[in-house]
Amino acid sequence: MYKYSKILVGLDNSDMDKSLIKAASEVCKLSGSKSVYFINVLKEMNLPESIKREFPDILDKAIEERQKEIQEKVNKHFQYTEAEVIINVIVDEGQVTKTILKYAGNEKIDLVILGRKNDQKGGGIQITRIARRIACSLLIIPKGEELKISKVLVPTDFSDYSKKALEKAATLLRKSKNPDAKLTIQNVYQVPVGYHYTGKSFKEFSEIMKDHAKGDYHKFINEIDLKNIKLEQTYTLDKDDDITKDIYKTAKKIDADLIVIGAKGRTAAASLFIGSKAEKLIQVDSDIPLLVVRPKGKIAGLMEMLREI
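Structure (structure tokens):
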């Protein structure tokens, strides 16, 4: 699994910036990151030509002032000093989604960190748009929360995507050197339609499905390095076709401070799809940070994607 050597952090010059900057600092400590790009996007002004002629430097001054404000925040809250990290503070004008995608692609970013304001209408839509198109992993920090690596939940369906998520979670836990850190692996299983044709009751067939899940679990973890990791496994029967709700219910139950889930990869032939579970988790207004682990790859047809937004 690739390291998060290059990080991009989307800032909006609000109170949330502090948590996002501190999260970037924590990721640098855990991943040995080499560079961080703090990006703030100013809304397009669309000034009349007459105003532009009269005040030709109005945009440049606005960018300069905002860049100074962001730099001061970074200097104050970016606390990782154990190794040299190249810090880039960028202020640009435009549309947020397009700008973040542009810099993430141009700079070959490994991880994008964004904040979620659950009380802001449309905020989740913007994050979903970025998640669908970004060619790297995505860390979402809800308003009022900070990144901690102590109780980590990894929902898994035993796929290759889940394997990458589990590998990344294990790496982060190991690097945290927290003796009390624990990794919970959850499988949400379902009873198939038509189970009654087997002559089994719903309860009986659910036990059959659970036993199969346990067998798959043991095969699955044997392929992953989980040495020195405190592990817990949990199996959840999905009774109302809402796997996302089952995942968050478990996260609350174990008091998880991070959920890590795998997303489908992005190739030249791939559609704008990260997987239904990952996308639904992104859309939920939750107070738990979420790391969506995606295999790093080149952004296919960047200009075509930008036109779709």
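Take the sequence shown: its position 53, counted from the start at 1, is 53 in the numbering used here, and no numbers get skipped. Every residue, glycine too, gets a C-beta built ideally from N, C-alpha and C.
**Prompt:** Taking C-beta to C-beta, are S25 and Y103 nearer than 7 Å?
**Reply:** Counted from its first residue, the sequence shown places residue 25 at position 25. Counted from its first residue, the sequence shown places residue 103 at position 103. No.
**Three-pair Cβ contact test at 8 Å for the segment 239 to 253 versus the segment 192 to 201** = Result no; under three Cβ-Cβ pairs closer than 8 Å.
**Request:** Output yes or no for whether 7 Å exceeds the beta carbon distance between V292 and L138.
**Result:** As a working note, residue 292 is residue 292 in the sequence shown. As a working note, residue 138 is residue 138 in the sequence shown. Yes.
**Prompt:** Any idea if S206 is buried or exposed, counting beta-carbon neighbours within 10 angstroms, 16 or more meaning buried?
**Reply:** Taking the sequence shown and counting its residues from 1, one reaches residue 206 at position 206. Counting Cβ neighbours within 10 Å, S206 comes out buried, since at least 16 surround it.
**Runs of alpha helix (DSSP H) lying entirely within the segment 143 to 196, each at least 4 residues, in chain order** = The alpha helix (DSSP H) runs of length 4 or more contained entirely in the segment 143 to 196 are, from start to end of the chain, 160 to 176.
**Item:** Closest Cα partner of S5 within the set A83, A181, I51
**Value:** For the purposes of this step, residue 5 is taken as the residue at position 5 of the sequence shown. Here the closest residue by C-alpha is A83.
**Asked** Whose CA, out of Q71, K43, I86, lies closest to the CA of K98?
**Response** Taking the sequence shown and counting its residues from 1, the one referred to as residue 98 is at position 98. It is K43 whose Cα lies nearest to the Cα of K98.
**Prompt:** Can you name, in chain order, every residue of its own chain whose Cβ lies under 6 Å from the Cβ of D12, other than the five neighbours on each side?
**Reply:** The residue labelled residue 12 in the question sits at position 12 within the sequence shown. Here D12 has no same chain residue with a Cβ atom under 6 Å from its own Cβ, once five neighbours each way along the sequence are excluded.
**Message:** Between the alpha carbons of I140 and D92, how many angstroms are there, rounded?
**Reply:** Taking the sequence shown and counting its residues from 1, one reaches residue 140 at position 140. Taking the sequence shown and counting its residues from 1, one reaches residue 92 at position 92. Computed Cα separation, rounded: 22 Å.
**Reference L281, options V260, E65, A170, closest by Cα** = Residue 281 sits at position 281 when you count from the first residue of the sequence shown. Of the listed residues, the one whose Cα sits closest to L281 is V260.
**Asked** Does DSSP put F202 in a helix, in a strand, or in coil?
**Response** Within the sequence shown, the letter at position 202 stands for residue 202. Note: F202 maps to helix in three-state DSSP.
**Asked** Under three-state DSSP, which class holds A278?
**Response** Looking up residue 278 in the sequence shown gives position 278. Three-state DSSP puts A278 in a helix.
**Request:** Classify D238 as helix, strand or coil using the three-state DSSP reduction.
**Result:** For the purposes of this step, residue 238 is identified with residue 238 of the sequence shown, where counting begins at 1. D238: coil per DSSP, three-state reduction.
**Message:** Less than 7 Å between the beta carbons of Y161 and G262, yes or no?
**Reply:** Counting from 1 along the sequence shown, the entry for residue 161 is found at position 161. Counting from 1 along the sequence shown, the entry for residue 262 is found at position 262. Yes; because the gap between Cβ atoms is below 7 Å, this pair is in contact.
**Pick from K203, Q233, A165, F158 that is closest to K182, judged by C-alpha positions** = Within the sequence shown, numbered from 1, the residue matching residue 182 stands at position 182. When C-alpha distances from K182 are compared across K203, Q233, A165, F158, the shortest belongs to Q233.
**Span of the beta strand (DSSP E), counted from its first residue to its last, around S35** = By 1-based counting over the sequence shown, the position of residue 35 is 35. Segment 35 to 42, the beta strand (DSSP E) holding S35.
**Where the alpha helix (DSSP H) containing D17 begins and where it ends** = Position 17 of the sequence shown, counted from the first residue, corresponds to residue 17. Run containing D17: 17 to 31, per the alpha helix (DSSP H) assignment.
**Request:** Return the bridge partner residues of G115 from the DSSP annotation.
**Result:** In the sequence shown, the residue the question calls residue 115 occupies position 115. According to DSSP, residue pairing for G115 in a beta bridge involves I141.
**Item:** 6 Å CB neighbourhood of K177 in its chain, flanking five on each side removed
**Value:** Along the sequence shown, read from residue 1 onward, the residue named residue 177 stands at position 177. Within the same chain, no Cβ atom closer than 6 Å to the Cβ of K177 is found once the five residues on either side in sequence are excluded.
**Asked** Which class does L226 belong to by DSSP, given the choice of helix, strand or coil?
**Response** Translated into the one-based positions of the sequence shown, residue 226 becomes position 226. In this structure, L226 counts as coil in the three-state DSSP scheme.
**Asked** Roughly how many angstroms separate the alpha carbons of T171 and K73, rounded to a whole number?
**Response** To locate residue 171, count along the sequence shown from 1; it is residue 171. To locate residue 73, count along the sequence shown from 1; it is residue 73. Roughly 29 Å separates the two Cα atoms.
**Neighbour-count burial assignment, S19, 16 or more Cβ in a 10 Å radius** = Mapped onto the sequence shown, residue 19 falls at position 19. Buried, because 16 or more other Cβ atoms sit within 10 Å of the Cβ of S19.
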